[in-house]
Structures are given as C-alpha cells and as structure tokens.
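S.K.: Residue numbers (this note's numbering), protein chains in the order written: chain D, 3 to 194; chain B, 3 to 194.
Each residue gets a CB set at the ideal place from its N, CA and C atoms; glycine is no exception.
Number of protein chains: 2
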Amino acid sequence: MHVRTLCLGILSFCDKSGYDIRKLAADGNFSHFCEASYGSIYPALAQLTEEDLVTFEVVALDGKPPRKVYSITQAGREALFETLQIPPGPDRFKSEFLFYSLFADKLPSNEFRKLLIRKISETKEKLSGLRHAGEVCDHGPSSFALGYGIAMNEAVLEYLEGFLVKFDSHQGDGFFDQKNSDLNQTELSDAR
Amino acid sequence: MHVRTLCLGILSFCDKSGYDIRKLAADGNFSHFCEASYGSIYPALAQLTEEDLVTFEVVALDGKPPRKVYSITQAGREALFETLQIPPGPDRFKSEFLFYSLFADKLPSNEFRKLLIRKISETKEKLSGLRHAGEVCDHGPSSFALGYGIAMNEAVLEYLEGFLVKFDSHQGDGFFDQKNSDLNQTELSDAR
DNA sequence: TACGTCATGTAAGTCGTTACATGATTGG
DNA sequence: CCAATCATGTAACGACTTACATGACGTA
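#1: How would you call residue 27 of chain D, buried or exposed, if buried means at least 16 neighbouring beta carbons within 10 angstroms?
#2: Using the C-alpha atoms, what's the distance from residue 10 of chain D back to residue 274 of chain D?
#3: Show which residues of chain D have a CB atom less than 7 Å away from the CB atom of residue 156 of chain B.
#4: What does DSSP give as the partner residue(s) for residue 19 of chain D in the beta ladder?
#5: For residue 167 of chain D, count neighbouring Cβ atoms within 10 angstroms of its own Cβ and tell me buried if that reaches 16, exposed if not.
#6: If you measure from the beta carbon of residue 58 of chain D to each beta carbon in chain B, is any gap under 8 Å?
#7: Nearest-angstrom Cα distance between residue 61 of chain D and residue 12 of chain D?
#8: Residues in the segment 93-112 of chain D with C-beta within 9 Å of chain B's C-beta atoms, listed in sequence order?
#9: On a Cα-Cα basis, can you pick out the residue from D:15, D:127, D:157, D:23 that is closest to residue 45 of chain D?
#10: Against chain D, does residue 27 of chain B count as a neighbour if the rule is that its beta carbon must be under 8 Å from one of theirs?
#11: Can you check DSSP and say which residues form a bridge with residue 60 of chain B?
#12: Going by the CB atoms, is the gap between residue 104 of chain D and residue 143 of chain B shorter than 8 Å?
#13: For a contact defined as C-beta to C-beta under 9 Å, what are the partners of residue 1 of chain B on chain D?
#14: Applying a beta-carbon distance threshold of less than 7 Å, which residues of chain D neighbour residue 2 of chain B?
#15: Would you mind stating whether residue 72 of chain B and residue 18 of chain B have Cβ atoms separated by less than 8 Å?
#16: Measure the CB-CB distance between residue 99 of chain B and residue 36 of chain D and report whether it falls below 8 Å.
#17: I'd like the span of the alpha helix (DSSP H) that includes residue 128 of chain B, first residue to last.
#18: Grab me the residues of residue 118 of chain D's own chain with a C-beta within less than 8 Å of its C-beta, minus the 5 sequence neighbours each way, in chain order.
#19: Which residues in the same chain as residue 106 of chain B place their Cβ atom closer than 7 Å to its Cβ, once the five residues preceding and following it in sequence are excluded?
#20: To which residues does DSSP link residue 6 of chain B through a beta bridge?
#21: Given a threshold of 16 other Cβ atoms within 10 Å of its Cβ, counted over all protein chains shown, does residue 78 of chain B qualify as buried or as exposed?
#22: Output needed for residue 42 of chain B: all residues of its chain with C-beta closer than 7 Å, excluding positions within five of it in sequence on either side, in chain order.
#23: Does any residue of chain B have a CB that is nearer than 8 Å to the CB of residue 86 of chain D?
#24: Spatial neighbours of residue 59 of chain B within its chain, please: C-beta separation below 7 Å, excluding the five flanking residues on both sides.
#25: Is residue 95 of chain D helix, strand or coil when you go by DSSP?
#26: Of the choices D:121, D:81, D:147, whose alpha-carbon is the least far from that of residue 7 of chain D?
#27: Using the rule of at least 16 other Cβ atoms within 10 Å of the residue's Cβ for burial, across every protein chain shown, is residue 56 of chain D buried or exposed?
#28: Candidates B:40, B:15, B:21: which alpha carbon is nearest residue 66 of chain B's?
#29: Where residue 34 of chain B and residue 149 of chain B are concerned, what is the direct C-alpha to C-alpha distance, given to the nearest angstrom?
#30: Closer than 7 Å by C-beta to residue 133 of chain B: which residues in its own chain qualify, once you throw out the five before and the five after it? Chain order, please.
#31: Taking its Cβ as the centre, do 16 or more other Cβ atoms sit within 10 Å of residue 86 of chain B, making it buried, or is it exposed?
#32: Relative to the C-alpha of residue 159 of chain B, which candidate in B:89, B:121, B:39, B:52 has its C-alpha closest?
#33: Taking residue 147 of chain D as the query, report the chain B residues whose CB atoms sit under 7 Å from its CB, ordered along the chain.
#34: Can you name the start and end residues of the alpha helix (DSSP H) that residue 83 of chain D belongs to?
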C-alpha cells in the first residue's frame with residue numbers, strides 16, 4: 003500500500019507528526035508489516051494537506067523543535083475507507099538472508115554460521131519488541147496484527163535454532179556435503 | 003538484493019533463459035523470498051552479457067519461439083561471490099492484509115471474514131507448493147530456504163485458522179467490540 | 001474463435017530511498 | 001565535546017513495475 007494510505011490509516015487512530023509516523027513505520031507497531039522513510043512521508047503529508055484529507059497544527063514544546071501535528075479530516079476518513087474497498091494485494095516477503103543461504107555450501111563454513119547466529123539474535127529482538135507491544139495493546143485489530151507477527155517470528159526462530167543445532171553437530175564432515183551440491187534442471191524449473 | 007544478483011545466483015546453479023528466471027522468481031522455488039518481472043530481468047541479463055558475466059546461446063525448439071539460454075562465466079561466479087561478501091540486508095515483510103486488518107472493526111463484519119478466508123486459502127496453496135518443492139529437492143541449502151518458508155507459512159496458517167474459530171464463535175456480539183476500539187497515544191508512540 | 005502459454009524485449013512512469021541541509025538540545 | 005535525538009524538509013537518483021509490441025502454436 004502507498005505511504006499516503008499508511009499515513010491516513012495511522013492518523014485515523016490518532017493525531018501524529020510526520021516524525022512520529024516514520025517511527026511507527028520504522029521501529030514501532032507497524033514496522034513488522036510496512037515501511038516508510040522521511041523522504042516519502044513528508045511529501046505524502048504535504049499532498050494530503052493540499053487535498054484537505056488531513057490538517058495540521060504547529061505545536062511548539064520548549065527546548066524542542068516545533069512539530070506539525072496532523073489530524074485526519076472527514077474527507078480523509080472517507081478516502082481511507084474508499085481505499086479499503088479495493089481488495090488488498092498479496093503479502094510480500096523478501097529475504098536477502100535466504101538468498102545468501104542458497105550458497106551456504108560454497109561460502110567458508112564459518113561465514114554461514116555467523117549469518118545464522120546474527121539472524122537468530124535479530125529475530126529474538128524483533129520478537130521481544132512485538133511481545134512487549136502485544137502485552138500493552140488492548141485494541142483488538144492491532145492485537146491481531148501483532149499476534150500474526152509474533153507467530154511468524156516464533157516459527158522462524160524455532161526453525162533457525164533447530165537448524166543451528168543440527169548444523170553444529172555435523173561440523174566435522176561438512177553439513178551440506180551430505181546431499182547433492184548442485185541443483186538440477188528439473189528442481190529449478192518445477193514451478194509449484 | 004538486485005535483480006542482477008538474483009540472475010547471477012540462479013545461473014550459478016544451471017543455465018536458464020530469461021523466461022525461466024522470471025518463472026522461478028514469480029512462482030517457483032525462489033518466489034517465497036524474492037520477486038522479479040520481465041521488465042527487470044531482460045535488461046539485467048543484457049547488462050550482465052555486456053559485462054561478460056554471462057553468455058548466451060540461442061536455442062530453437064520446433065514449434066516454439068527461440069530462447070536465449072544464459073550461462074554464467076567464471077567472471078560471473080567471481081562477481082557473485084564478491085557480492086556475497088557484503089552482509090545481507092534485513093528481511094522485508096510487507097502485508098497489505100495486516101494493514102487492512104487494523105480496520106477490521108470499522109468494516110462490515112463479513113468483509114474482514116472474507117479477507118481471512120481468502121488469506122487462509124492462499125496460505126494453504128503457498129504451503130502445498132513449498133512442501134512439494136521440499137519433497138523433490140535434495141540440494142541442502144535450497145531445502146533450508148524451503149523449510150524456512152514452510153515453517154513461516156505453517157505458523158501463519160495455524161494462527162489464522164485459530165483466529166477464525168474464535169472470530170466465528172463470537173459472531174453475535176461483535177468480536178472486536180469487546181475491547182477498546184481506539185488506539186491511544188501511548189500504544190501508538192511506544193516503539194518496540 | 002479466442003484465450004493461454006511460450007518467448008523476448010522496450011519505454012514510460014511510479015514510487016520510494018539516500019543523502020543532504022538546518023539547527024537546537026540533551027546525555028555520556 | 002561529540003554523538004544522538006528531535007524535527008522538518010528537498011532533490012537527485014535508482015530500481016522496478018506496468019503496459020505495450022510482436023508472433024507462433026496449442027487447446028477449449
């Protein structure tokens with residue numbers, strides 16, 4: 003979904019500044035299923051303001067730069083729910099880590115193990131963030147989305163930790179060498 | 003990772019045409035962790051050819067259009083493993099479905115249920131594709147990547163099916179109305 | 001007959017990222 | 001004192017997607 007819609011969606015829950023929205027999308031409760039950076043959020047908010055889908059108020063706190071706090075308008079809500087009529091597109095998962103893993107047997111063996119370890123600790127961190135958010139949250143739909151992320155990351159963590167154990171117990175004889183080291187034509191061309 | 007690298011990676015396993023690569027990325031064994039369309043693959047292959055990282059041979063089968071079958075060169079392999087020295091970026095998961103789910107209580111209740119049902123059947127399909135690929139595959143690293151996808155999708159399926167049961171057993175009284183319907187400031191601003 | 005698959009390719013356009021500019025304040 | 005955080009914004013650039021062009025063959 004576009005950053006426009008993301009902004010509108012967040013503002014439909016409560017007033018926020020561009021800075022806040024970016025935080026939510028980058029590290030906060032929305033970060034496990036969407037992304038957005040300043041360079042897309044600020045222009046989006048400017049555009050939404052022009053279209054009267056949002057308004058803002060400049061709020062100056064002492065010792066801090068003034069912030070533009072945005073509110074969604076009635077027209078904004080309508081536009082949002084208009085957008086929600088369109089069926090959602092498919093989920094997208096991209097993993098450079100998994101791509102790298104395809105070459106695990108061609109990399110120095112420590113190299114892949116390092117990646118595994120790093121991934122495991124990243125997943126744990128992500129999980130603890132999501133769990134913490136889940137505990138605090140009493141908004142039904144948000145809990146659902148949080149739970150989804152927790153379930154996914156738990157499964158990944160379990161898978162990776164299980165794999166690491168197997169991997170380490172095979173150290174001497176080269177874990178991946180047990181099986182064929184080359185993909186054949188059939189496997190690669192067989193689409194689902 | 004860039005489409006260039008994806009092409010190089012696939013060709014490091016075996017010779018392929020642009021058409022084949024696109025299939026692998028769109029529906030095949032690579033589709034659960036990357037994406038690429040014709041519009042990015044063909045230019046990438048042309049560029050790689052210019053740089054002598056790949057070569058191609060035109061193969062004409064009867065009754066079918068001629069295909070350009072690409073092979074990776076030694077320089078190509080070196081470039082690939084050069085790229086693999088750079089630590090992989092973070093996994094990215096984007097879900098329009100989860101974004102939509104945030105407004106589950108503001109949509110006509112059947113609407114969200116429909117999305118759930120659709121998501122469940124999509125996940126089942128994805129899973130059966132991955133499982134089938136996993137059974138056929140005897141390349142260690144690929145099995146790892148496949149297993150990762152299977153673990154993730156199994157967890158999602160379980161979560162969604164469990165939720166559907168709970169959701170349906172609450173039909174009369176409006177599932178989400180039990181809890182607060184508005185997110186408050188704290189929840190939204192609390193980053194991880 | 002009309003659509004789907006095989007097969008390659010291009011061009012325009014979208015959308016977003018990265019990096020920079022600016023500047024005050026707080027904490028190690 | 002330096003780095004990080006708070007806070008807004010712009011401009012250049014990058015990478016990919018969508019849609020189109022082309023055409024033959026098989027199948028419902």
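M.R.: Well, looking at it:
#1: Within the first sequence, the letter at position 25 stands for residue 27 of chain D. Result: buried.
#2: Any property of residue 274 of chain D remains undetermined from this structure, which presents chain D solely from 3 to 194.
#3: Translated into positions along the second sequence, residue 156 of chain B becomes position 154. Within 7 Å Cβ-Cβ: 157.
#4: By one-based count along the first sequence, residue 19 of chain D stands at place 17. The partner list for residue 19 of chain D (beta bridge, DSSP) reads D:71.
#5: For the purposes of this step, residue 167 of chain D is taken as the residue at position 165 of the first sequence. Burial call: exposed.
#6: Within the first sequence, the letter at position 56 stands for residue 58 of chain D. So, not an interface residue.
#7: Taking the first sequence and counting its residues from 1, one reaches residue 61 of chain D at position 59. Taking the first sequence and counting its residues from 1, one reaches residue 12 of chain D at position 10. Cα to Cα, residue 61 of chain D sits roughly 19 Å from residue 12 of chain D.
#8: 93, 94, 95, 96, 97, 98, 99, 100, 101, 102, 103, 104, 105, 106, 107, 108, 109
#9: In the first sequence, counting from the first residue as 1, residue 45 of chain D sits at position 43. With distances taken between Cα atoms, residue 45 of chain D lies closest to D:23.
#10: The sequence position of residue 27 of chain B within the second sequence is 25, counting from 1. No, its Cβ sits nowhere closer than 8 Å to a Cβ of chain D.
#11: Start at 1 with the first residue of the second sequence, and residue 60 of chain B comes out as number 58. DSSP lists B:70 as partners of residue 60 of chain B.
#12: The residue you call residue 143 of chain B lines up with position 141 of the second sequence. The residue you call residue 104 of chain D lines up with position 102 of the first sequence. In contact: residue 143 of chain B and residue 104 of chain D (Cβ atoms closer than 8 Å).
#13: Coverage of chain B is limited to positions 3 through 194, which leaves residue 1 of chain B absent and any answer about it impossible.
#14: The question about residue 2 of chain B has no answer, for chain B in this structure spans 3 to 194.
#15: Stepping through the second sequence from its first residue, residue 72 of chain B is reached at position 70. Stepping through the second sequence from its first residue, residue 18 of chain B is reached at position 16. Yes, the Cβ-Cβ distance between residue 72 of chain B and residue 18 of chain B is below 8 Å.
#16: The residue given as residue 99 of chain B occupies position 97 in the second sequence. The residue given as residue 36 of chain D occupies position 34 in the first sequence. Going by C-beta atoms, residue 99 of chain B is not nearer than 8 Å to residue 36 of chain D.
#17: For the purposes of this step, residue 128 of chain B is taken as residue 126 along the second sequence, with counting starting at 1. For residue 128 of chain B, the enclosing alpha helix (DSSP H) has its first and last residue at 111-138.
#18: For this step, residue 118 of chain D is matched to residue 116 along the first sequence. If we look at residue 118 of chain D and ignore the five residues flanking it on each side, its Cβ neighbours are 162, 165, 166, 169.
#19: Position 104 of the second sequence, counted from the first residue, corresponds to residue 106 of chain B. Taken in chain order, the residues that qualify are 114, 178.
#20: On the second sequence, residue 6 of chain B is found 4 positions in, with the first residue counted as 1. Beta-bridge pairing links residue 6 of chain B to no other residue.
#21: Translated into the one-based positions of the second sequence, residue 78 of chain B becomes position 76. Residue 78 of chain B comes out buried.
#22: For this step, residue 42 of chain B is matched to residue 40 along the second sequence. Excluding positions up to five away in sequence, the list reads 5.
#23: Here the question's residue 86 of chain D lines up with position 84 in the first sequence. True, the Cβ-Cβ gap to chain B drops below 8 Å.
#24: Against the second sequence, residue 59 of chain B aligns to sequence position 57. Excluding residues within five positions, the ones whose Cβ falls inside 7 Å are 71.
#25: Position 93 of the first sequence holds residue 95 of chain D. Note: residue 95 of chain D maps to strand in three-state DSSP.
#26: For the purposes of this step, residue 7 of chain D is taken as residue 5 along the first sequence, with counting starting at 1. When only C-alpha atoms are compared, the closest one is D:81.
#27: Locating residue 56 of chain D in the first sequence gives position 54, counting from the first residue. The residue is buried, with at least 16 neighbouring Cβ atoms inside 10 Å.
#28: In the second sequence, the residue the question calls residue 66 of chain B occupies position 64. It is B:21 whose Cα lies nearest to the Cα of residue 66 of chain B.
#29: For this step, residue 34 of chain B is matched to residue 32 along the second sequence. For this step, residue 149 of chain B is matched to residue 147 along the second sequence. Answer to the nearest angstrom: the Cα atoms are 11 Å apart.
#30: Counting from one through the second sequence, the residue named residue 133 of chain B turns up at place 131. Once the five neighbours on either side are set aside, the close Cβ partners of residue 133 of chain B are 152.
#31: The residue given as residue 86 of chain B occupies position 84 in the second sequence. With 16 or more Cβ atoms within 10 Å of its Cβ, residue 86 of chain B is classed as buried.
#32: On the second sequence, position 157 is the one that residue 159 of chain B refers to. Of B:89, B:121, B:39, B:52, the residue nearest in Cα terms is B:121.
#33: Mapped onto the first sequence, residue 147 of chain D falls at position 145. Under the 7 Å cutoff, chain B gives 100, 103, 104.
#34: The count along the first sequence starts at 1 and reaches residue 83 of chain D at position 81. 76-85 is the span of the alpha helix (DSSP H), which, as asked, contains residue 83 of chain D.
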